[in-house]
Amino acid sequence: MLDTHLTVRTDSPIGTISPRLYGHFAEHLGRCCYDGLWLGTEQTLVPTYGGFRKDVVDALKAMPVPLLRWPGGCYADHYHWRDGIGERVRRLGLSCGLQVEDDNTLGTHEFMALCRLLGAEPYLAGNMGSGSVQELCDWVEYCNSGLNTSLAAERVANGARKPFDVKLWGVGNENWGCGGNYDAETYAREYRRYATMLRHVDTTIELVACGQEDEWNLKFLQTNQRWLNLMDHLSIHRYWIHGGPELNFTDEQYYGLLSEADETEDFVKRTADYVMDALGTSSHRIGIALDEWGVWHPEARAWGPDGAELHREPITYEQAGTLRDALSIGVTLEGFHHQCNVLTLANLAQIVNVLHAPVMTDGAAMWVTPSYYALQLHLPHIGAEALPVDVTHGATMPGSSKGVSAVTATASSTEAGVAVTLVNRHISEGASVVVNVAGMSRVANAGLLAGDSPRAVNSAQDPDCVKVAPLNVGADGAGLWRIELPAHSMATVQLA
Ligand code: AHR
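Each step along the sequence shown adds one to the number in this note's numbering, with nothing skipped, and position 166 is 166.
Here you go:
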């Protein structure tokens, strides 16, 4: 049994945890948008809200989904928004090596309706790869203009009297790769042109530039040094691909995935440092947009160094989501909270069926993955003030070269009290944890996500194998709370 002592520093808030850090990503890829979210208005087998699966929407609402990025991904750089308004155009749906028939019945108006249903802020990824500056300017005008222009009138005629007022616009996606194979300098110049023209159309929008790894980011920032005010967020992506098989991973691979998840924070911080250096004394702010993140198991991909031979044919980008994947979410969110002053938005990839999905469907069946519960356990932190948590006593996670504690936690405060989410990363040892939180007098709520094995999954046949259960919290007095965490588990305690 691991003996761990944690102290929540209630007097040293880090910053506000923006709801945008709990964003999601819906791409026209595999069965994410079509089938997972959108069934259309003509079928009658599965109940829908105007074409969106009711069961999926209801589950997502309760997760929740504060921000939703669409329509890609790589798909965005082939997407022509006019195909998805009024009379629909059937076009090749192209993303990640797949070629499908896309009837474009899920277009701009439908996506906005989905955001309204979910209570999500929309984030549109624009086409730089095969589109034009004018095409993207027109999409912004169509969505956001309240003036009497032909484009705005067309939006009204298509059913939306009020502008959609979309704030977040991505200028391309992964333009160093699928979005045009640009080099950093060429993308930087192209970005400048797009951003200048887009800002003329709507001065209130926030523009997201495409970043990558360190070298690209540095070159991009240097090339655009004089025009940094044309950028509000720099996008980076992080997929963990070294965790071995989705289900039959070894103990070493278990810890490997959690370590990769941990390093996501370092990547965010490093990128933020480059941005700070580039900005120097400027008062302009550029946030880091981690607008795709999560685990990408070898079964779901045909690329990557580890286990590519395990991929399933045909490639669907679907994978089993285990309790291990859920714990990796907890680990990553700890980092998001630490970096909440520089990380301005983040989108788990992807929202239904594809990659690190919290919700899965199969015909009329719908179930949620352990990762869904991991996100839901973090609900009390959304919009709260992040608090530092010190590990004052505890064992190190096996295999951690950085000396990371086996039990870690993140905390936040609101007027209602303090919430603490803990992760016991140890694969086989339970933990007896004492958490010191000053000034709280009672437990308002406590839930535990645990399972017999870190390889446990939910499925259509066994949807409740892994789910949140009530947790007993002992009060030792003087602000000390005692929690027993099983091996490979996560818990949230809300104190009032
Ligand atoms: O999420 C799947 C793909 O991963 C996205 O389309 C792309 O941006 C990334 O490479």
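We put the beta carbon where it would ideally sit given N, CA and C, even for glycine.
Of the choices the options, whose alpha-carbon is the least far from that of residue i?
{"i": "Glu-141", "options": "Arg-82, Leu-485, Cys-96", "result": "Arg-82"}
{"i": "Pro-47", "options": "His-378, Ala-491, Gly-363", "result": "Gly-363"}
{"i": "Ala-487", "options": "Pro-463, His-242, Met-360, Leu-327", "result": "Leu-327"}
{"i": "Val-354", "options": "Leu-387, Gly-294, His-337", "result": "Gly-294"}
{"i": "Ala-374", "options": "Asn-347, Ala-346, Thr-421, Gly-244", "result": "Thr-421"}
{"i": "Pro-66", "options": "Lys-467, Ile-351, Asn-424", "result": "Ile-351"}
{"i": "Leu-117", "options": "Gly-51, Asn-173, Thr-316", "result": "Gly-51"}
{"i": "Asp-183", "options": "Leu-228, Ala-419, Thr-149, Gly-129", "result": "Gly-129"}
{"i": "Ala-300", "options": "Phe-336, Ala-349, Thr-344, Glu-174", "result": "Ala-349"}
{"i": "Ala-478", "options": "Arg-442, Ala-456, Gly-451, Lys-219", "result": "Arg-442"}
{"i": "Cys-74", "options": "Arg-189, Thr-410, Asp-291", "result": "Asp-291"}
{"i": "Asp-452", "options": "Arg-90, Lys-467, Gly-439", "result": "Lys-467"}
{"i": "Ala-406", "options": "Gly-417, Ala-419, Pro-388, Ser-428", "result": "Ser-428"}
{"i": "Thr-369", "options": "Asp-273, Gly-30, Leu-60", "result": "Leu-60"}
{"i": "Val-404", "options": "Val-331, Cys-465, Gln-339, Gly-439", "result": "Val-331"}
{"i": "Leu-343", "options": "Phe-267, Leu-310, Gln-319, Gly-280", "result": "Phe-267"}
{"i": "Gln-134", "options": "Glu-190, Gly-84, Asn-104", "result": "Glu-190"}
{"i": "Gly-321", "options": "Thr-361, Glu-309, Gly-417", "result": "Thr-361"}
{"i": "Asn-436", "options": "Arg-482, Ser-132, Ala-384, Gly-394", "result": "Arg-482"}
{"i": "Thr-316", "options": "Asp-55, Val-56, Gly-97", "result": "Gly-97"}
{"i": "Gln-499", "options": "Ala-261, His-242, Asp-262", "result": "Because the chain here runs from 1 to 496, residue 499 falls outside it and cannot be looked at."}
{"i": "Gly-15", "options": "Ile-382, Val-433, Asp-390", "result": "Ile-382"}
{"i": "Ser-401", "options": "Arg-270, Asp-262, Val-8, Arg-312", "result": "Asp-262"}
{"i": "Leu-207", "options": "Tyr-372, Leu-257, Tyr-123, Leu-279", "result": "Tyr-123"}
{"i": "Val-457", "options": "Gln-319, Glu-215, Glu-213, Ile-85", "result": "Gln-319"}
{"i": "Thr-105", "options": "Gly-40, Glu-121, Asn-127, Ser-150", "result": "Gly-40"}
{"i": "Gly-172", "options": "Val-56, Trp-240, His-78, Thr-271", "result": "His-78"}
{"i": "Glu-174", "options": "Arg-161, Gly-146, Thr-204, Cys-210", "result": "Cys-210"}
{"i": "Ala-120", "options": "Ala-26, Val-359, Ala-152, Ala-475", "result": "Ala-26"}
{"i": "Leu-480", "options": "Gly-93, Ser-432, Pro-463, Leu-198", "result": "Ser-432"}
{"i": "Glu-185", "options": "Glu-101, Trp-216, Cys-465, Asn-158", "result": "Trp-216"}
{"i": "Leu-379", "options": "Pro-64, Ser-145, Leu-147", "result": "Pro-64"}
{"i": "Asn-424", "options": "Val-418, Glu-415, Pro-398", "result": "Pro-398"}
{"i": "Val-275", "options": "Thr-264, Phe-249, Leu-310, Asn-229", "result": "Asn-229"}
Under a Cβ-count criterion, where at least 16 other Cβ atoms within 10 Å of its own Cβ denotes burial, should residue i be classed as buried or exposed?
{"i": "Ser-413", "result": "buried"}
{"i": "Gln-497", "result": "It is not possible to answer for residue 497, since the shown part of the chain is limited to 1 through 496."}
{"i": "Ala-446", "result": "buried"}
{"i": "Pro-314", "result": "exposed"}
{"i": "Val-11", "result": "For the record, residue 11 in the displayed sequence is Asp; it is not Val. Counting Cβ neighbours within 10 Å, Asp-11 comes out exposed, since fewer than 16 surround it."}
{"i": "Trp-303", "result": "exposed"}
{"i": "Leu-136", "result": "buried"}
{"i": "Ser-259", "result": "buried"}
{"i": "His-24", "result": "buried"}
{"i": "Met-112", "result": "buried"}
{"i": "Pro-470", "result": "exposed"}
{"i": "Ser-18", "result": "buried"}
{"i": "Pro-305", "result": "exposed"}
{"i": "Gln-222", "result": "exposed"}
{"i": "Arg-90", "result": "exposed"}
{"i": "Val-156", "result": "exposed"}
{"i": "Leu-323", "result": "buried"}
{"i": "Asp-325", "result": "buried"}
{"i": "Arg-69", "result": "buried"}
{"i": "Ala-308", "result": "exposed"}
{"i": "Asp-232", "result": "buried"}
{"i": "Gln-212", "result": "buried"}
{"i": "Thr-149", "result": "exposed"}
{"i": "Arg-238", "result": "buried"}
{"i": "Arg-53", "result": "buried"}
{"i": "Gly-474", "result": "exposed"}
Quickly, what does DSSP pair residue i with across the bridge? List them, please.
{"i": "Asp-273", "result": "Paired residue(s): none; Asp-273 is not in a bridge."}
{"i": "Ala-209", "result": "Leu-234"}
{"i": "His-311", "result": "His-311 pairs with nothing; no bridge assigned."}
{"i": "Gln-494", "result": "Ala-419, Asn-445"}
{"i": "Gly-73", "result": "Beta-bridge pairing links Gly-73 to no other residue."}
{"i": "Lys-325", "result": "As written in the sequence, residue 325 is Asp, which differs from the Lys given in the question. Note: Asp-325 sits in no beta bridge, so no partner."}
{"i": "Tyr-142", "result": "Bridge partners of Tyr-142: none, in fact."}
{"i": "Leu-290", "result": "Ala-346"}
{"i": "Ala-460", "result": "Ala-460 pairs with nothing; no bridge assigned."}
{"i": "Pro-470", "result": "Gly-447"}
{"i": "Trp-240", "result": "Val-295"}
{"i": "Phe-52", "result": "Trp-38, Tyr-49"}
{"i": "Trp-481", "result": "Val-435, Ala-475"}
{"i": "His-5", "result": "His-393, Val-434"}
{"i": "Gly-280", "result": "According to DSSP, which records beta bridges pairwise, Gly-280 is partnered with nothing at all."}
Task: Every unbroken beta strand (DSSP E) within the stretch 338-419, with a cutoff of 3 residues, ordered by chain - done: 343-349, 359-362, 365-368, 385-387, 389-393, 407-414
Task: Secondary structure, beta strand (DSSP E): runs of 3+ residues fully inside the stretch 17-42 - done: 23-25
TODO: Within the stretch 54-134, note down every full alpha helix (DSSP H) run reaching 4 residues or more, in order along the chain.
DONE: 54-61, 108-118
Open item on the list: As an exercise, report each continuous alpha helix (DSSP H) stretch of at least 4 residues that is fully enclosed by the stretch 136-204, in chain order.
Closed with: 150-157, 184-201
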